[in-house]
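Just so you know, the sequence shown maps onto residues 83 to 402 in the working numbering.
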Amino acid sequence: MAQTGDHVARVIGTVTSGSEAARSRLAASWQRSWLKHGLDPAATAAARAPDTDRLRDQRQALEQVLAVAAPKLDDLYAMIGHCGCGILLTDASGLVLDARAGSADTEVFRAWGLAPGVDWSEAAQGTNGIGTCLAERRALTIHRDQHYLADNIGMSCIDAPVFGPDGGLIAALDVSSARADQTEGFNRLIEAMVARVAQAIEADLFRQTFPKARIILAEGADPASAALLAVDQDDVVIGATREARRRHGLEPAGTIRPRPVVDLLGRDGGPAGLEGAERAAVIRALTRAGGNVSEAARALGLGRATLYRRMKRLGIEDRT
83 MAQTGDHVAR VIGTVTSGSE AARSRLAASW QRSWLKHGLD PAATAAARAP DTDRLRDQRQ
143 ALEQVLAVAA PKLDDLYAMI GHCGCGILLT DASGLVLDAR AGSADTEVFR AWGLAPGVDW
203 SEAAQGTNGI GTCLAERRAL TIHRDQHYLA DNIGMSCIDA PVFGPDGGLI AALDVSSARA
263 DQTEGFNRLI EAMVARVAQA IEADLFRQTF PKARIILAEG ADPASAALLA VDQDDVVIGA
323 TREARRRHGL EPAGTIRPRP VVDLLGRDGG PAGLEGAERA AVIRALTRAG GNVSEAARAL
383 GLGRATLYRR MKRLGIEDRT
C-alpha cells in the first residue's frame, strides 16, 4: 500500500506542476490522463471484462490485418513467451484483438486485463504501453511505475505502432509482462524485436494491397524496414508505406498523388528499348502534369495533337 500511495503522490505532484510536461514525454502523457481524460491515478482500473460485441465487430473489420499478423505473433511468442511475456495486438483505438500467453500466465494476464476485448486506450487506462503508443504514434516502453494508474504499476509494456498501406494508424503490437523480476535492461532487448515485427506486418499488408505492383525499397532505407514503394507497369509510384512517405516527402496518409519513380529515386527502371523509353517519357510527363495533356505536351516540346497521336500509338490512355 505504501508503494501505491507513493506512486499516486508522485503522479499528482507531476501533473500539477506547470513545467514537468514540457520536459518529459511521460509527464505529458500523465497530464493527458489527468486533464484530458479525467482519470484519478488512485482509482481502480477500468472494467477488465471483455467487450465481446466490440471485439467481434473489430475482428471482422480487421480480418486481413489479423490474418497477416497471426503467424508473426506466433513467431514472436515462440522467442520470448518462455520469459513470461504475453503478446497482444490491438486496433487503433486500443482494443485488444488477439493475444498469446503461456498456460501458466493466462490467468494472471486475464486478471490484469491483458486479454482480447479489453480497452487499453489512454482514455480508459491512463498512461500505458498500448494507449500511449497509439496516442503518440511511436514505439515506446512503459515500465512498471511509469504507468499512470497505481493499479497498473506491476507490469511492463513494450509497444510499437502498426501503420496500414495508406499510411494511417491501424494497430499496436504489445509485449507485456507482470513478472516482478523483469528489468528495464531486459525490456530494451525486446524493443527492437517488437519494432521489427510491427514493420514486418506493415510490409506484408502493403504487398497484399498492391499484388500486381513492383515493390521497391525507399531511397536509403534499411532493407528490413517497411519503407516501401509500389510501382506500376509504367514505372509510376502508386503507393507508399508511412516510412517511405516520410522519407520522400509524400502525403502522410491516404491516397498518394502518382509520381514517376525516377522523380523519387533518381533512377529509371522503366521498359528498355526506344519505344519503351518513349512510352516511359510520355507517362512521366502526363503523371507530372496530373493527366493534363496540354501541359504534358508543352513539357515534351510537342503539340497537343502530336502527343495524342503518340499516346494512341503507344497504347497510353488519356488520364484526365
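Virtual Cβ for every residue (Gly too), placed ideally from N, Cα, C.
Predicted model, so just to flag it, every value in this text is computed and none were measured.
> Rounded to the nearest angstrom, how far is the Cβ of VAL313 from that of VAL343, given a contact under 8 Å?
Replying inline: Mapped onto the sequence shown, residue 313 falls at position 231. Mapped onto the sequence shown, residue 343 falls at position 261. About 5 Å; that satisfies the 8 Å criterion.
> Should the stretch 273-288 be regarded as contacting the stretch 362-378, the criterion being three or more beta carbon pairs within less than 8 Å?
Replying inline: no
> Between the Cα of TRP116 and the Cα atoms of ASP135, VAL93 and ARG130, which residue gives the shortest distance?
Replying inline: Position 34 of the sequence shown, counted from the start, is the residue given in the question as residue 116. Nearest C-alpha to TRP116: VAL93.
> According to DSSP, which residues form a beta bridge with VAL244?
Replying inline: Locating residue 244 in the sequence shown gives position 162, counting from the first residue. In DSSP, VAL244 forms a bridge with ALA253.
> Near GLN207, which residues of its chain fall below 7 Å by C-beta distance, leaving aside the five closest residues on each side in sequence?
Replying inline: Numbered from 1 along the sequence shown, position 125 holds the residue referred to as residue 207. Cβ neighbours of GLN207 beyond the five flanking positions: ALA127, ALA128, GLY213, LEU231 and ASN234.
>> In the DSSP output, what is ARG172 paired with across the bridge?
In response: Taking the sequence shown and counting its residues from 1, one reaches residue 172 at position 90. The residue you asked about is not Arg; residue 172 is Thr in the sequence shown. For THR172, which the question treats as bridged, DSSP gives the partners VAL178 and ALA254.
> Which residue's Cα is closest to the Cα of ILE224: ARG270, ARG138, GLU102 and GLN140?
Replying inline: As a working note, residue 224 is residue 142 in the sequence shown. It is ARG270.
> Helix, strand or coil for HIS119 per DSSP?
Replying inline: Mapped onto the sequence shown, residue 119 falls at position 37. Note: HIS119 maps to coil in three-state DSSP.
> So what's ARG327 in DSSP terms, helix, strand or just coil?
Replying inline: As a working note, residue 327 is residue 245 in the sequence shown. Three-state result, ARG327: helix.
> Whole-angstrom Cβ separation of ALA217 and MET237, contact assumed at under 8 Å?
Replying inline: For the purposes of this step, residue 217 is identified with residue 135 of the sequence shown, where counting begins at 1. For the purposes of this step, residue 237 is identified with residue 155 of the sequence shown, where counting begins at 1. Contact doesn't hold; Cβ gap of about 18 Å is too wide.
>> Taking 8 Å as the limit between beta carbons, can you name the residues of its chain near LEU251, skipping five residues before and five after?
In response: Taking the first residue of the sequence shown as 1, we reach residue 251 at position 169. Here the set comprises ALA174, LEU216, ARG219, PRO243, VAL244 and PHE245.
> Taking C-beta to C-beta, are VAL147 and ALA221 nearer than 8 Å?
Replying inline: As a working mapping, residue 147 is identified with position 65 in the sequence shown. As a working mapping, residue 221 is identified with position 139 in the sequence shown. No. Outside cutoff.
> So the beta strand (DSSP E) ILE298 belongs to, where does it begin and stop?
Replying inline: Your numbering for residue 298 matches position 216 in the sequence shown. That run of the beta strand (DSSP E) goes 296-299.
>> Runs of 4 residues minimum, wholly inside the stretch 134-165: which ones carry the alpha helix (DSSP H) assignment?
In response: 134-143 and 145-162
> How is VAL319 classed by DSSP in three states: helix, strand or coil?
Replying inline: Residue 319 sits at position 237 when you count from the first residue of the sequence shown. Three-state result, VAL319: strand.
> Is the CB-CB distance between GLY184 and GLY163 below 8 Å?
Replying inline: The sequence position of residue 184 within the sequence shown is 102, counting from 1. The sequence position of residue 163 within the sequence shown is 81, counting from 1. For GLY184 and GLY163, yes; Cβs fall inside 8 Å.
> Between ARG130, ALA109 and ASP180, which lies nearest to GLN228 when the distance is taken from Cα to Cα?
Replying inline: Taking the first residue of the sequence shown as 1, we reach residue 228 at position 146. When each option's Cα is compared against that of GLN228, the closest is ALA109.
> Is it buried or exposed for THR134, if we count other Cβ within 10 angstroms and need 16 for buried?
Replying inline: Taking the sequence shown and counting its residues from 1, the one referred to as residue 134 is at position 52. Per the 10 Å Cβ criterion, exposed.
>> With the cut-off set at 8 Å, would you say ALA285 and LEU299 are in Cβ contact?
In response: Walking along the sequence shown from the start, residue 285 turns up at place 203. Walking along the sequence shown from the start, residue 299 turns up at place 217. No. Outside cutoff.
> Which one of PHE191, ARG114, PRO153 and SER111 has the shortest CA to CA distance from ALA131?
Replying inline: Locating residue 131 in the sequence shown gives position 49, where the first residue counts as 1. Checking every option, the nearest Cα to that of ALA131 belongs to PHE191.
> Which residues bound the beta strand (DSSP E) around ILE224?
Replying inline: As a first step, residue 224 must be located in the sequence shown, where it is residue number 142. That run of the beta strand (DSSP E) goes 222-225.
>> Can you find the residues in the same chain that come closer than 8 Å, C-beta to C-beta, to MET161, ignoring five residues on each side of it along the sequence?
In response: Taking the first residue of the sequence shown as 1, we reach residue 161 at position 79. Answer for MET161: MET275, listed in chain order.
> In this structure, does DSSP put LEU196 in helix, strand or coil?
Replying inline: As a first step, residue 196 must be located in the sequence shown, where it is residue number 114. Residue state, collapsed to three classes: coil.
> If you draw a straight line from the C-alpha of LEU418 to the C-alpha of LEU347, how long is it?
Replying inline: Because residue 418 is not part of the residues shown, which for the chain are 83 to 402, the question remains open.
> Between GLY166 and GLY372, what straight-line distance do the alpha-carbon atoms span, to the nearest angstrom?
Replying inline: Stepping through the sequence shown from its first residue, residue 166 is reached at position 84. Stepping through the sequence shown from its first residue, residue 372 is reached at position 290. Answer to the nearest angstrom: the Cα atoms are 54 Å apart.
> With 16 as the cutoff for other CB atoms within 10 Å, does ARG386 come out buried or exposed?
Replying inline: Walking along the sequence shown from the start, residue 386 turns up at place 304. By the 10 Å Cβ count, ARG386 comes out exposed.
>> Can you look up ASP201 in the DSSP assignment and give me helix, strand or coil?
In response: On the sequence shown, position 119 is the one that residue 201 refers to. Strand.
> Name the DSSP beta bridge partners of ALA312, please?
Replying inline: In the sequence shown, counting from the first residue as 1, residue 312 sits at position 230. Answer by DSSP bridge pairing, in chain order: ILE297 and GLY321.
> What's the C-alpha gap between PRO247 and ASP88?
Replying inline: Position 165 of the sequence shown, counting from 1, holds the residue named residue 247. Position 6 of the sequence shown, counting from 1, holds the residue named residue 88. Roughly 44 Å separates the two Cα atoms.
> Per DSSP, what kind of secondary structure is CYS167 in: helix, strand or coil?
Replying inline: Working through the sequence shown from its first residue, we reach residue 167 at position 85. Three-state DSSP puts CYS167 in coil, outside helix and strand.
> Just how far apart, CA to CA, sit LEU177 and ASP187?
Replying inline: The residue given as residue 177 occupies position 95 in the sequence shown. The residue given as residue 187 occupies position 105 in the sequence shown. Cα to Cα, LEU177 sits roughly 20 Å from ASP187.
> Taking C-alpha atoms, which residue in VAL319, LEU287 and GLN281 lies nearest to ASP304?
Replying inline: Locating residue 304 in the sequence shown gives position 222, counting from the first residue. If we check each option's Cα against that of ASP304, GLN281 comes out closest.
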